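Written below as structure tokens is the structure these notes are about.
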Amino acid sequence: MRPLHRLRQSGSGFLKENRKLKRRIQRLEGDAAALRKAQQALKKSEETYRTVFANTGTATMLIEKDATIAMVNAEFEKLSGFSRHEVEGRQVWTVFVENEADRERMKHYHHLRRINPEAAPRTYECRLRNKKGDPLIATMTVAMIPGTQQSIASVLDITQRRKTEEALKISEEKFAKAFHSSPVAMMIATMDEGLILDVNNTLLKMTGYPESSIVSAKIRDMAFWPDTDLFKSLARELMNHGRFHQREMTYRTHGGEIRHGNLSADIVDFNGKACMLTAILDITEQRRLEKEILRTGEEERRKIGYDLHDDLGQHLVGVEAMASLLHKRLLGAESPGANLAGEITELIRSATTKTRNIAKGLCPVNLDAGGLAAALSQLAEHIENVFQVHCRFEADTETMKMDHNTAVNLYRIAQEAVSNALRHGRADQIHLGLHNRKQGISLFIKDNGQGLPHSLPDQGMGLGIMTHRARRIGADIDIRNRSPHSGAEVLCRIPHVF
Numbered sequence: 001m002r003p004l005h006r007l008r009q010s011g012s013g014f015l016k017e018n019r020k021l022k023r024r025i026q027r028l029e030g031d032a033a034a035l036r037k038a039q040q041a042l043k044k045s046e047e048t049y050r051t052v053f054a055n056t057g058t059a060t061m062l063i064e065k066d067a068t069i070a071m072v073n074a075e076f077e078k079l080s081g082f083s084r085h086e087v088e089g090r091q092v093w094t095v096f097v098e099n100e101a102d103r104e105r106m107k108h109y110h111h112l113r114r115i116n117p118e119a120a121p122r123t124y125e126c127r128l129r130n131k132k133g134d135p136l137i138a139t140m141t142v143a144m145i146p147g148t149q150q151s152i153a154s155v156l157d158i159t160q161r162r163k164t165e166e167a168l169k170i171s172e173e174k175f176a177k178a179f180h181s182s183p184v185a186m187m188i189a190t191m192d193e194g195l196i197l198d199v200n201n202t203l204l205k206m207t208g209y210p211e212s213s214i215v216s217a218k219i220r221d222m223a224f225w226p227d228t229d230l231f232k233s234l235a236r237e238l239m240n241h242g243r244f245h246q247r248e249m250t251y252r253t254h255g256g257e258i259r260h261g262n263l264s265a266d267i268v269d270f271n272g273k274a275c276m277l278t279a280i281l282d283i284t285e286q287r288r289l290e291k292e293i294l295r296t297g298e299e300e301r302r303k304i305g306y307d308l309h310d311d312l313g314q315h316l317v318g319v320e321a322m323a324s325l326l327h328k329r330l331l332g333a334e335s336p337g338a339n340l341a342g343e344i345t346e347l348i349r350s351a352t353t354k355t356r357n358i359a360k361g362l363c364p365v366n367l368d369a370g371g372l373a374a375a376l377s378q379l380a381e382h383i384e385n386v387f388q389v390h391c392r393f394e395a396d397t398e399t400m401k402m403d404h405n406t407a408v409n410l411y412r413i414a415q416e417a418v419s420n421a422l423r424h425g426r427a428d429q430i431h432l433g434l435h436n437r438k439q440g441i442s443l444f445i446k447d448n449g450q451g452l453p454h455s456l457p458d459q460g461m462g463l464g465i466m467t468h469r470a471r472r473i474g475a476d477i478d479i480r481n482r483s484p485h486s487g488a489e490v491l492c493r494i495p496h497v498f
């Protein structure tokens, strides 16, 4: 029995070992399966990263510890001008660096990164050169591949961007010099808030405002604009059209003086923000001289008119009386010269009438004899009688106080508007009105003619003259068509009653 027992014991041990062996084999098979799975995943990952590496839109290279370039993509070939066969395993990255300073700096980063990746900058700028030797300005982004001594570097060519930035910088410097040295007052403000960013010295001298009170202030909050309605209107025009030029305006100096200026504005890009660039040309002295010339001219016309009326007119009246007396005597004497004397008398009488008419034309408004209202009433009556059209005049009954220069210019505006209605508009009904309102004096001339042409000529039709006269007396004038096929309208307003 003993040998059998030993055999059984031996068989039992064998079975145990066999089971252990099977379990080991199963574990090994599991490990092998996991290894194969890991290898497949690694292979797939490598293929993915290789695909990304090869097809990324940025020039990229894989760098070994000894600075050898192990791999490059197609974008690197385009950037460098070298094929991958000329580079991979054959070149070190330092050969692409243009200058020694950059080369030494980048070598330091290369070694430092392999000791402590966090100690070296991840992104930096450098100068490279391609196969032709052309210099490039590039941004390098470098990172270590975990668990290896390899690094991967992407190269972004920013040469054109740098050139653009440099050109922009030069342009901005030129603009700044022109802006600050310009003899025209200039200002830059944001479009959205009207925040003043900069002003030049000419504007400071012209207005008397200290720079500290203007820069960083908002345009609408400043006392600079006495006419807020005009400011709002110009702001809308700038928003709608992107610019406006030579708009006459008034501005208030730091000392409170109201002066005249011509304002121009354009929308410009300033540091990436839409801004308004405004230029103001002071025309106060010009307007004063123009007004003085106009006043002097009217005074000279009035003097000539008075001379014609009081001197030559009276002289002609005397000659006419003598000629009439001579005519009567010759008739009584039945002299053959009586008819000739009669003709001479009529010619002198006609000359007297013409002289009076010329004098009245030179000095149409007599403030002592009803003033502007009376003159406009006579104008309407004259138009009806001479041109056989219906011309109506209306006016407030209260007396309107104004100086002679203002009255004469308003009369001339009305006279020119009526002339346009007759000659160009072919109107048969004209309506004139003169009113004294709280806002000031209002003069209007309306007609039922053909209206104004859509494209107005630069000269002619007297429109420029009417505008000029209105501006000289501080009036606003609006010349427009009333509505399609219903004639034209001229409206002139003077803000203050004289």
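Start counting the sequence shown at 1; every next residue gets the next number (the UniProt record's numbering). From the three backbone atoms N, C-alpha and C, an ideal C-beta is built for every residue, glycine too. Here the structure is a predicted model, which is why all the values come from computation and not from measurement.
From N420 to G462, what does the alpha carbon distance come to, in whole angstroms?
Spanning the two alpha carbons is a distance of roughly 8 Å.
Going by other Cβ atoms of all chains shown within 10 Å of its Cβ, with 16 needed for buried, is S151 buried or exposed?
By the 10 Å Cβ count, S151 comes out buried.
If we ignore side chains and look at the alpha-carbon of each, how far apart do M222 and L195 end up?
Using only the alpha carbons, I get a separation of about 11 Å.
Are G464 and I494 closer than 8 Å when you measure CB to CB?
No.
Here's a check: name, in chain order, each residue in its chain whose Cβ is nearer than 6 Å to the Cβ of V199, leaving out the five neighbours to either side.
The answer, listed in chain order, is M187, I214.
Pairwise C-alpha distance: Q246 and S233:
Straight-line Cα distance between these residues: approximately 14 Å.
Among the residues of its own chain, which have a CB less than 7 Å from the CB of G261, if the five just before and after it don't count?
Within the same chain, G261 has close Cβ partners M249, Y251, I280, L281, D282, I283.
L410 to P336 span [Cα, whole Å]:
In a straight line, the C-alpha of L410 is about 53 Å away from that of P336.
On the DSSP bridge list, what partners appear for Y251?
BP columns for Y251 point to R259.
Could you tell me the boundaries of the alpha helix (DSSP H) in which H241 lies?
Here the alpha helix (DSSP H) through H241 covers 228-241.
For H315, is the classification buried or exposed, using 16 other Cβ atoms within 10 angstroms of its Cβ as the cut-off for buried?
The residue in question, H315, is exposed, as its Cβ has fewer than 16 Cβ neighbours within 10 Å.
In three-state terms, what does DSSP make of V87?
In this structure, V87 counts as helix in the three-state DSSP scheme.
So E75 is in the alpha helix (DSSP H); what residue range does that whole segment cover?
Taken as a continuous stretch (DSSP letters only), the alpha helix (DSSP H) holding E75 covers 74-80.
To the nearest angstrom, how far is the alpha carbon of residue 501 from that of F270?
What is shown of the chain runs 1 to 498, which leaves residue 501 out entirely.
Going by beta carbon distance, what residues of the same chain come within less than 6 Å of D428, once the five residues before and after it are set aside?
V389, listed in sequence order.
Rounded to a whole number of angstroms, what is the C-alpha to C-alpha distance between L128 and P183?
Annotation: L128 to P183 spans about 46 Å, alpha carbon to alpha carbon.
Three-state secondary structure (DSSP) at Q415?
It is helical.
Under the three-state DSSP convention, the category G433 falls into:
Annotated three-state conformation of G433 is strand, per DSSP.
Beta strand (DSSP E) segment containing I477, residue limits:
Per DSSP, the continuous beta strand (DSSP E) segment holding I477 begins and ends at 476-481.
Measuring straight from C-alpha to C-alpha, what distance separates R482 and D447?
Roughly 9 Å between the two C-alpha positions.
Between the segment 391-406 and the segment 329-347, do at least 3 Cβ pairs fall closer than 8 Å?
Short answer: they don't touch.
Could you tell me the boundaries of the alpha helix (DSSP H) in which G464 lies?
Bounds of the alpha helix (DSSP H) holding G464 are 463-472.
Spatial neighbours of G425 within its chain, please: C-beta separation below 7 Å, excluding the five flanking residues on both sides.
For G425, same chain residues with a beta-carbon under 7 Å away, outside a window of 5 residues either side, are D447, G449, Q450, G451, G487, A488 in chain order.
Taking the beta carbon of T352 as the centre, do at least 16 other beta carbons fall within 10 Å, making it buried, or is it exposed?
Counting Cβ neighbours within 10 Å, T352 comes out buried, since at least 16 surround it.
Presumed contact (8 Å Cβ cut-off) between residue 506 and G305, rounded CB distance:
Because the chain spans 1 through 498 in this model, residue 506 falls outside it and cannot be assessed.
Less than 6 Å between C-beta atoms, sequence neighbours within five positions excluded: which residues of the same chain meet that for Q91?
Correct list, in chain order: I69.
At the level of alpha carbons, what is the spacing between K169 and A138?
When rounded, the distance between both Cα atoms is 19 Å.
I need the straight-line Cα distance from residue 506 to T60, nearest angstrom please.
One cannot answer for residue 506 here, as it falls past the ends of the chain, which runs 1 to 498.
V184 in three-state terms, based on DSSP:
Note: V184 maps to coil in three-state DSSP.
Classify A101 as buried or exposed, calling it buried when 16 or more other Cβ atoms lie within 10 Å of its own Cβ.
A residue is called buried when at least 16 other Cβ atoms come within 10 angstroms of its Cβ; A101 does not meet this threshold and is exposed.
Y124 - DSSP class collapsed to helix/strand/coil
Here Y124 sits in strand by DSSP.
8 Å Cβ shell around P226 - same chain, five flanking residues per side excluded
Cβ within range, chain order: T250, Y251, R252, I258.
Assign A59 to one of three DSSP states: helix, strand, or coil.
Of the three classes helix, strand and coil, the one that applies to A59 here is strand, per DSSP.
For the alpha helix (DSSP H) that contains D102, what are its first and last residues?
Segment 100-115, the alpha helix (DSSP H) holding D102.
Span separating the alpha-carbon of Q459 from that of M466:
Because Q459 carries a pLDDT of 47, less than 50, the predicted location of this residue cannot be relied on, and the following value inherits that uncertainty. Rounded to whole angstroms, Q459 to M466 spans 12 Å at the Cα level.
Which residues bound the alpha helix (DSSP H) around M206?
Here the alpha helix (DSSP H) through M206 covers 201-207.
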